[in-house]
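Enquirer: Please find one structure pasted underneath; my questions will follow.
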Amino acid sequence: MGDRVKLGFIGSGGIVRSHLEQGLEGFDDVEFVGWCDLDLETASARRDQVGGRGEIYTDAQEMLDEARPDAVYIMLPPFAHGMAERLVIERRLPFFIEKPVAIDLPTAMCTGEAVDRLGLVTSVGYMTRYRRSVQRVRELLQTQTPVLLHGGWLGGGPSAYEGIWAWWVQKDKSGGQFLEQCTYTIDLARYLFGDVTTVYAVPVRDRRERPDFFTIEDASMVQLAFANGAAGNLYCSCSTSVGGGISLSLWATDLCASFTGWEHSVAIDVPGGERISIPGEPNVFALEDRAFINSVKAGRNQGILASYYDGVRATAIACAANESMATGRAVDIRI
Ligand SMILES: NC(=O)c1ccc[n+]([C@@H]2O[C@H](COP(=O)([O-])OP(=O)(O)OC[C@H]3O[C@@H](n4cnc5c(N)ncnc54)[C@H](O)[C@@H]3O)[C@@H](O)[C@H]2O)c1
Numbered sequence: 001m002g003d004r005v006k007l008g009f010i011g012s013g014g015i016v017r018s019h020l021e022q023g024l025e026g027f028d029d030v031e032f033v034g035w036c037d038l039d040l041e042t043a044s045a046r047r048d049q050v051g052g053r054g055e056i057y058t059d060a061q062e063m064l065d066e067a068r069p070d071a072v073y074i075m076l077p078p079f080a081h082g083m084a085e086r087l088v089i090e091r092r093l094p095f096f097i098e099k100p101v102a103i104d105l106p107t108a109m110c111t112g113e114a115v116d117r118l119g120l121v122t123s124v125g126y127m128t129r130y131r132r133s134v135q136r137v138r139e140l141l142q143t144q145t146p147v148l149l150h151g152g153w154l155g156g157g158p159s160a161y162e163g164i165w166a167w168w169v170q171k172d173k174s175g176g177q178f179l180e181q182c183t184y185t186i187d188l189a190r191y192l193f194g195d196v197t198t199v200y201a202v203p204v205r206d207r208r209e210r211p212d213f214f215t216i217e218d219a220s221m222v223q224l225a226f227a228n229g230a231a232g233n234l235y236c237s238c239s240t241s242v243g244g245g246i247s248l249s250l251w252a253t254d255l256c257a258s259f260t261g262w263e264h265s266v267a268i269d270v271p272g273g274e275r276i277s278i279p280g281e282p283n284v285f286a287l288e289d290r291a292f293i294n295s296v297k298a299g300r301n302q303g304i305l306a307s308y309y310d311g312v313r314a315t316a317i318a319c320a321a322n323e324s325m326a327t328g329r330a331v332d333i334r335i
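Anchor point for the sequence shown: position 296 equals 296 in my numbering, and the numbering is continuous, going up by one each time.
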């Protein structure tokens, strides 16, 4: 590897634009060598965004073989995972992958096993972990016993079925709102309270008139049992146009913390009436991108806070919720 880390992208849509704007574009130790997307115009738009650097491709294998990146950003919708990871792993390349890492557990586990076997550097886009608010609460929880948490993503849902919203509303493409969007909060629940053993989920459907291709739930309510005995409740809705937003509140024996908004600003209450407030940072993509690039350069983890393993665990919880919604039964996590 030269002074600059050569990056290739598989999937070059909206989330790549954000990583470029808020992180990678400003890094002087990266070079953009390949933009792959099934849609040539999308790949081309990303190349234009960085002043025409790198070649455009519609085939991932071709990009990997011709552009020869040192590391790859895999930025695909949930249903498209599997093949790209195989190609990247065959070449033993470190990769950054956007959440959720797959729409089903077998795909995630197959990639996870290969990553472990080869000891590859990986990072999953659970950017909320990099926030100071989250780090402070995690630190305080080290001396606490976790008790309860609840939180989720509540909104009105798409008003037009274009761009990402075209695949997002199809259950077999996105996996549903809980798997695709609430995955941040699933991950955060794990990061703060530890592993989950059992999941029970209730779907809410038929709240609004929808087109036939709208096959995700209108909302869901998901009960979590944690390995340490704590309990949690996560929910999401794309059918409620007022109120809501993103939140996570948790209680430990002597601590209460409430995260609000995409930026996950937090208010922490501790005994004695003291309140600690920490605002969320605006540039969180830059933090996770920096940790990944540093790790690629070092050939080992240099600050990555969520690895592929964490992506598999969050996927297991979401898939258990989907199974529970389908069967009406509580589902144990068996990985
Ligand atoms: N971290 C975040 O804040 C955040 C925000 C938005 C999206 N995401 C995640 O990023 C992922 C991508 O979302 P997006 O908003 O960029 O979606 P998008 O639809 O804008 O882009 C996805 C792109 O992948 C391309 N694609 C699909 N299959 C492909 C394949 N086999 N090979 C190459 N290209 C392929 C599509 O043509 C499309 O351009 C999703 O999993 C989403 O959940 C994360």
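Cβ coordinates follow ideal geometry from the N, Cα and C atoms, glycine included.
With which residues is L76 paired in a DSSP beta bridge?
Expert: Taking the sequence shown and counting its residues from 1, one reaches residue 76 at position 76. Answer is none; L76 lacks a bridge partner.
Enquirer: What number of angstroms, rounded off, separates the C-alpha of L192 from the C-alpha of W35?
Expert: As a working note, residue 192 is residue 192 in the sequence shown. As a working note, residue 35 is residue 35 in the sequence shown. Their backbone Cα atoms lie some 36 Å apart in a straight line.
Enquirer: In angstroms with no decimal places, state the Cα-to-Cα distance between I246 and S133.
Expert: The residue you call residue 246 lines up with position 246 of the sequence shown. The residue you call residue 133 lines up with position 133 of the sequence shown. Those two C-alpha atoms are separated by around 15 Å.
Enquirer: What separation, rounded to the nearest whole angstrom, lies between the Cα atoms of S324 and L287?
Expert: The residue labelled residue 324 in the question sits at position 324 within the sequence shown. The residue labelled residue 287 in the question sits at position 287 within the sequence shown. Distance between the alpha carbons of S324 and L287: 35 Å.
Enquirer: Just the Cα atoms here: how many angstroms apart are I74 and A108?
Expert: Taking the sequence shown and counting its residues from 1, one reaches residue 74 at position 74. Taking the sequence shown and counting its residues from 1, one reaches residue 108 at position 108. I74 and A108: Cα-Cα distance of roughly 13 Å.
Enquirer: Please list, in chain order, all residues of the same chain as I56 whose beta carbon is under 7 Å from its beta carbon, the five residues on each side excluded.
Expert: One-based indexing of the sequence shown puts residue 56 at position 56. W35, L40, A43, S44, R47, listed in sequence order.
Enquirer: Rounding to the nearest angstrom, what Cα-Cα distance links W168 and S237 in this structure?
Expert: Translated into positions along the sequence shown, residue 168 becomes position 168. Translated into positions along the sequence shown, residue 237 becomes position 237. Near 13 Å, if we compare the C-alpha coordinates of S237 and W168.
Enquirer: Hey, G280 and R131: beta-carbon distance below 8 Å or not?
Expert: Locating residue 280 in the sequence shown gives position 280, where the first residue counts as 1. Locating residue 131 in the sequence shown gives position 131, where the first residue counts as 1. Their beta carbons are under 8 Å apart, which means G280 touches R131 by this criterion.
Enquirer: In this structure, what does DSSP give as the bridge partners for V30?
Expert: Here the question's residue 30 lines up with position 30 in the sequence shown. Looking at the DSSP output, V30 sits in a beta bridge with V5.
Enquirer: Pick from V312, R334, A320, A330: whose alpha carbon is nearest that of Y126?
Expert: Looking up residue 126 in the sequence shown gives position 126. When each option's Cα is compared against that of Y126, the closest is V312.
Enquirer: Counting along the chain, where does the beta strand (DSSP E) carrying I186 start and finish?
Expert: The residue you call residue 186 lines up with position 186 of the sequence shown. Premise fails: I186 lies in the alpha helix (DSSP H), 183 to 193, not in any beta strand (DSSP E).
Enquirer: Can you find the residues in the same chain that come closer than 7 Å, C-beta to C-beta, to K171, ignoring five residues on each side of it along the sequence?
Expert: On the sequence shown, residue 171 is found 171 positions in, with the first residue counted as 1. Excluding residues within five positions, the ones whose Cβ falls inside 7 Å are T215, I216.
Enquirer: Which of helix, strand or coil does DSSP assign to Y57?
Expert: Translated into the one-based positions of the sequence shown, residue 57 becomes position 57. The answer is strand: DSSP assigns Y57 an E or B state.
Enquirer: Shorter than 7 Å, the distance from the beta carbon of L38 to the closest heavy atom of ligand 1, or not?
Expert: Residue mapping note: residue 38 aligns to position 38 of the sequence shown, counting from 1. Within 7 Å of the C-beta of L38 there is at least one heavy atom belonging to ligand 1.
Enquirer: For E352, does the count of other Cβ atoms within 10 angstroms reach 16, so buried, or fall short, so exposed?
Expert: The structure shown does not extend to residue 352, since the chain is modelled only from 1 to 335, so the question has no answer here.
Enquirer: Can you check whether the CB of F259 is closer than 8 Å to the CB of V266?
Expert: Reading the sequence shown from its first residue, position 266 is the one you call residue 266. Reading the sequence shown from its first residue, position 259 is the one you call residue 259. It is a contact, given that the beta carbons lie within the stated cut-off.
Enquirer: With DSSP as the reference, label R92 as helix, strand or coil.
Expert: Sequence index remark: in the sequence shown, residue 92 carries index 92 (1-based). DSSP places R92 in coil when its eight states are reduced to three.
Enquirer: Under DSSP, the alpha helix (DSSP H) around N294 begins and ends at which residues?
Expert: In the sequence shown, the residue the question calls residue 294 occupies position 294. Where N294 is concerned, the enclosing alpha helix (DSSP H) stretches over 284 to 298.
Enquirer: On a Cα-Cα basis, can you pick out the residue from T143, G328, M63 that is closest to L38?
Expert: In the sequence shown, counting from the first residue as 1, residue 38 sits at position 38. For the residues T143, G328, M63, the minimum Cα distance to L38 belongs to M63.
Enquirer: So for Q177, helix, strand or coil by DSSP?
Expert: Here residue 177 is taken as the residue at index 177 of the sequence shown, counted from 1. Three-state result, Q177: helix.
Enquirer: Are there 16 or more other CB atoms within 10 angstroms of the CB of T145, so buried, or fewer, so exposed?
Expert: One-based indexing of the sequence shown puts residue 145 at position 145. With fewer than 16 other Cβ atoms within 10 Å, it is exposed.
Enquirer: Using the beta-carbon count (16 or more within 10 Å), is M221 buried or exposed?
Expert: For the purposes of this step, residue 221 is taken as the residue at position 221 of the sequence shown. M221 should be labelled buried.
Enquirer: Is there contact between the stretch 226 to 245 and the stretch 181 to 196, where contact requires at least three CB pairs shorter than 8 Å?
Expert: yes
Enquirer: Cβ atoms of P78 and V33: under 8 Å apart, would you say?
Expert: Stepping through the sequence shown from its first residue, residue 33 is reached at position 33. Stepping through the sequence shown from its first residue, residue 78 is reached at position 78. Against a cut-off of 8 Å, the Cβ pair of P78 and V33 comes out as no contact.
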